[in-house]
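Participant:
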Amino acid sequence: MSRFFSGKYDNLAPYVPGEQPRDRKYIKLNTNESPFPPSPGVVAAAGNEAYQSNLYSDPECTSIREALAAFYGVKKEQVIATNGSDEVLNFAFMAFGDEKSPLLFPDITYGFYPVFAELNHIPYDVAPLREDFTVDVADYLGNDHTIVIANPNAPTGLALPLSDIETILRANPDRVVVVDEAYVDFGGESAVALVDRYDNLLVTGTFSKSRSMAGARLGFGIGNAELMADLNRLRYSTNPYNVNRMTMEAGAAAIREHDYYAKNIQTIIQNREYAKEKLEALGFRVTDSKTNFLFAKTDAMDGEALYLALKDRGILVRHFTSTRIRDWNRITVGTAGQMDALVDAVRDILKGEPV
Ligand SMILES: *Cc1c(COP(=O)(O)O)cnc(C)c1O
10 MSRFFSGKYD NLAPYVPGEQ PRDRKYIKLN TNESPFPPSP GVVAAAGNEA
60 YQSNLYSDPE CTSIREALAA FYGVKKEQVI ATNGSDEVLN FAFMAFGDEK
110 SPLLFPDITY GFYPVFAELN HIPYDVAPLR EDFTVDVADY LGNDHTIVIA
160 NPNAPTGLAL PLSDIETILR ANPDRVVVVD EAYVDFGGES AVALVDRYDN
210 LLVTGTFSKS RSMAGARLGF GIGNAELMAD LNRLRYSTNP YNVNRMTMEA
260 GAAAIREHDY YAKNIQTIIQ NREYAKEKLE ALGFRVTDSK TNFLFAKTDA
310 MDGEALYLAL KDRGILVRHF TSTRIRDWNR ITVGTAGQMD ALVDAVRDIL
360 KGEPV
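Here it is as structure tokens:
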């Protein structure tokens, strides 16, 4: 840190992304990317658009907003496009969180939430998940908080039924409820269907997980038009060209080629259930994930030791050091071959086989 860095960030502990080491080729199961490449139309659209990258992108993001609106059955005015969904989450925190409406989210959830809160000096509270990592809906009923719920949640993988989301929305009519649906395509129930009925609902989504575009940075928010106007005030005060040309047209192509992604999603769900069964057979406790990752622990071994032993064998998974989940590892669901490699490595490690 330089001696010039503002003291207003003294308490800021930046988000730590999953490691992307380059020392050898790893089977990467640590950042919840898709193992499948983007569809051909996505690559072509990005390439074509690159020819025009001397020109700024459309600040209204018309093409991608129209594509998303048609896909989700909402109006274009109910959609905002952003540089990853991290950006719409940051805007939402800035827009709807303050002393009067502090943020509230689970103690175990997406690690970026406390970072965005700290960055913007927004007070926040956390509600502990139950022992089994389920959300106690009663924690979110009418206590003047702006609520942020990842559904399904990360890194637990667990999903709330839509009826619980609706209960939370009804109990907080004067506060915004942000539902982060980064993983919803892998088995969750989307709250997008509720946006016309609840003016306090903001749903966020991403192209990073089910649509194989993590490196392109494309996210979105869906809610009523007034919420979108608030978020756009902040977007136009930050970076009106937040979504670049290549990404915007690539995203629209991904929506057009939805069938390709729908098939990949089915494969990932199958591979998830397959790997879950195998890990359970090896004595692991594995949560009932509705995402593209598994959350698993074994009593036979410390969570960090397992993570390190897998890394030695060329397999990266995500280990978190916070107390409640230090025994666990988050394992991205990849191809069937990758899941077999994972299960074989885990079996060898538990048997004490040398690398
Ligand atoms: C991956 C993820 C996101 C967002 O990722 P982007 O790449 O910024 O779209 C948001 N929320 C959760 C819970 C995630 O796991």
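Residue numbers (our numbering): 10 to 364. No residue lacks a Cβ here, since even glycine has one placed at the ideal position from N, Cα and C. Keep in mind the model is a prediction, meaning the values are calculated, not measured.
1) On a Cα-Cα basis, can you pick out the residue from PHE102, ASP173, LEU236 that is closest to GLY197?
2) Looking at the structure shown, is LYS84 part of a helix, part of a strand, or coil, going by DSSP?
3) What are the boundary residues of the alpha helix (DSSP H) that ASP349 is part of?
4) Which residues neighbour ligand 1 when neighbourhood means a C-beta less than 5 Å away from any of its non-hydrogen atoms? List them by chain order.
5) Got a sec, what are the start and stop residues for the alpha helix (DSSP H) HIS328 sits in?
6) Does the region 328-341 come within contact of the region 305-320, defined as at least 3 CB pairs closer than 8 Å?
7) Across which residues does DSSP place ILE174 in a beta bridge pair?
8) Start and end of the alpha helix (DSSP H) containing ARG33?
9) Helix, strand or coil for PHE302 per DSSP?
10) Kindly give me the distance between the Cβ atoms of SER72 and GLU258, rounded to whole angstroms, as I take these residues to be in contact under 8 Å.
11) Would you report the Cα separation of ALA318 and ASN162, rounded to the nearest angstrom?
12) Which same chain residues end up closer than 8 Å to PRO23 when comparing Cβ atoms and leaving out the 5 residues on each side of it in sequence?
13) I need the straight-line Cα distance from LEU325 to ILE340, nearest angstrom please.
14) Looking at C-alpha atoms only, which residue of GLY16, SER298, ARG184, ALA234 is the closest neighbour of LYS85?
15) Taking the runs of the alpha helix (DSSP H) that are 4 residues or longer, which of them lie wholly in the region 118-174?
16) Hey, quick one: how far does the beta strand (DSSP E) through GLY232 stretch, first residue to last?
17) Could you work out which residue in GLN61, LEU211, ILE89 is closest to ARG244 when comparing CA atoms only?
18) In three-state DSSP terms, what is GLY260?
19) Reducing DSSP to helix, strand and coil, say where GLY214 ends up.
20) What does DSSP give as the partner residue(s) for PHE114 in the beta ladder?
21) To the nearest angstrom, how far is it from the Cα of PHE142 to the Cα of ALA345?
22) So the candidates are ARG242, TYR283, MET237, ASP311; which of them puts its Cα closest to the Cα of ASN74?
23) Skipping 5 residues on each side, what residues in its chain have a beta carbon closer than 7 Å to that of PRO132?
24) Given this structure, state the Cα-to-Cα distance separating VAL295 from ASN63, to the nearest angstrom.
Facilitator: Well, looking at it:
1) Here residue 197 refers to the residue found at position 188 when the sequence shown is read from its first residue. That would be ASP173, whose Cα lies nearest to the Cα of GLY197.
2) Here the question's residue 84 lines up with position 75 in the sequence shown. Note: LYS84 maps to coil in three-state DSSP.
3) Looking up residue 349 in the sequence shown gives position 340. Its alpha helix (DSSP H) spans residues 345-360.
4) GLY93, SER94, ASP95, TYR119, ALA159, ALA163, ASP189, ALA191, THR215, SER217, GLY228
5) On the sequence shown, position 319 is the one that residue 328 refers to. Careful: HIS328 lies outside any alpha helix (DSSP H), inside the beta strand (DSSP E) at 324-328.
6) Yes, they touch.
7) Locating residue 174 in the sequence shown gives position 165, where the first residue counts as 1. Within the DSSP secondary-structure output, ILE174 pairs in no beta bridge.
8) Here the question's residue 33 lines up with position 24 in the sequence shown. Segment: none, ARG33 is in no alpha helix (DSSP H) and carries neither H nor E.
9) Taking the sequence shown and counting its residues from 1, the one referred to as residue 302 is at position 293. Here PHE302 sits in strand by DSSP.
10) Locating residue 72 in the sequence shown gives position 63, where the first residue counts as 1. Locating residue 258 in the sequence shown gives position 249, where the first residue counts as 1. Right, their Cβ atoms sit about 6 Å apart.
11) Working through the sequence shown from its first residue, we reach residue 318 at position 309. Working through the sequence shown from its first residue, we reach residue 162 at position 153. Using only the alpha carbons, I get a separation of about 27 Å.
12) Translated into the one-based positions of the sequence shown, residue 23 becomes position 14. Answer for PRO23: VAL124, listed in chain order.
13) Counting from 1 along the sequence shown, the entry for residue 325 is found at position 316. Counting from 1 along the sequence shown, the entry for residue 340 is found at position 331. Taking the straight line from one Cα to the other gives about 8 Å.
14) Here the question's residue 85 lines up with position 76 in the sequence shown. It is ALA234.
15) 121-128
16) Working through the sequence shown from its first residue, we reach residue 232 at position 223. 228-232 is the span of the beta strand (DSSP E), which, as asked, contains GLY232.
17) Position 235 of the sequence shown holds residue 244. Of the listed residues, the one whose Cα sits closest to ARG244 is ILE89.
18) For the purposes of this step, residue 260 is taken as residue 251 along the sequence shown, with counting starting at 1. GLY260: helix per DSSP, three-state reduction.
19) On the sequence shown, position 205 is the one that residue 214 refers to. GLY214: strand per DSSP, three-state reduction.
20) Against the sequence shown, residue 114 aligns to sequence position 105. In the DSSP output, where bridge partners are listed per residue, PHE114 has VAL135.
21) On the sequence shown, position 133 is the one that residue 142 refers to. On the sequence shown, position 336 is the one that residue 345 refers to. When rounded, the distance between both Cα atoms is 27 Å.
22) As a first step, residue 74 must be located in the sequence shown, where it is residue number 65. Sequence inspection shows Arg at residue 74; the Asn mentioned does not correspond to that position. Minimum Cα distance to ARG74 is reached at MET237.
23) Here residue 132 refers to the residue found at position 123 of the sequence shown. Closer than 7 Å at the Cβ level, and outside the excluded window around PRO132, lie GLU108, PRO111.
24) Start at 1 with the first residue of the sequence shown, and residue 295 comes out as number 286. Start at 1 with the first residue of the sequence shown, and residue 63 comes out as number 54. Cα to Cα, the separation comes out at about 49 Å.
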